[in-house]
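The block underneath contains the structure these notes are about, expressed in structure tokens.
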Amino acid sequence: LEQVYRTNVIAPLALMQVLQHQLKTGACVINITSDAGVEAYEGWGGYGSSKAALEQLSHILGAENAAWRVYWVDPGDMRTQMHQEAFPGEDISDRPLPEESVPGLLVLITGSQPSGRYSARKLT
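Residue numbering for the sequence shown follows the numbering used here, starting at 27 and increasing by one per position.
In structure tokens form, the structure reads like this:
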């Protein structure tokens with residue numbers, strides 16, 4: 027649990043604390059979240075609560091820095107080892123690979139959408 031929080035909450039917060047004074051107006055900050063941060067999945071309490079914390083941190087960061095574009099992006103279900111381990115025995119070969127979320131992230135990076143929560147696949 028500690029490692030999950032270090033990865034999903036503490037590290038992004040620490041990075042922002044270090045970099046915040048170097049970011050200019052219009053800076054783009056993207057945090058990767060999950061539907062587990064807003065939906066309750068049995069057995070996913072640690073991961074889901076860490077993503078919920080990341081979403082709240084992102085929301086606050088955007089509120090405190092209105093000149094930045096702060097996004098927390100859900101890439102959706104993906105064909106990853108983590109997903110397979112969460113659903114052993116399930117065929118996840120129909121899930122997109124992680125890199126298939128990149129076009130949605132690029133829309134945010136190059137666009138002018140307001141700060142907020144987005145689904146990567148719905149952006150393209």
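Here a beta-carbon is modelled for each residue, glycine too, at the ideal position from N, C-alpha and C.
- ILE58 and VAL99 do touch by the CB rule: their CB atoms are close to 6 Å apart, below 8 Å.
- A residue is called buried when at least 16 other Cβ atoms come within 10 angstroms of its Cβ; TYR73 meets this threshold and is buried.
- Inter-residue distance for ALA93 and SER84 is about 14 Å (C-alpha atoms, whole angstroms).
- Within the same chain, Cβ atoms closer than 8 Å to the Cβ of LEU80 are found at ASN34, VAL35, PRO38, ASN57, THR59, GLY63 and TRP98, the five residues on either side in sequence being excluded.
- In the DSSP assignment, TYR73 falls within the alpha helix (DSSP H) that extends over 71-90.
- Less than 7 Å divides the Cβ of SER127 from the Cβ of ALA146.
- Going by DSSP, VAL128 is part of no beta strand (DSSP E) but of the alpha helix (DSSP H) stretching over 128-136.
- In the same chain as ASP103, and ignoring 5 residues on each side of it, the C-beta atoms closer than 6 Å to its own belong to ARG121, in chain order.
- For LEU87, the closest C-alpha among the options LEU149, PRO129, ARG143 and GLU28 is that of ARG143.
- Just measuring C-alpha positions, the residue of HIS47, ASP61, TYR31 and ALA89 sitting nearest PRO101 is ASP61.
- Close CB contacts of VAL96 within its chain, under the 6 Å cut and outside five residues either way in sequence, are with VAL55, SER84, LEU87, GLY88 and SER141 (chain order).
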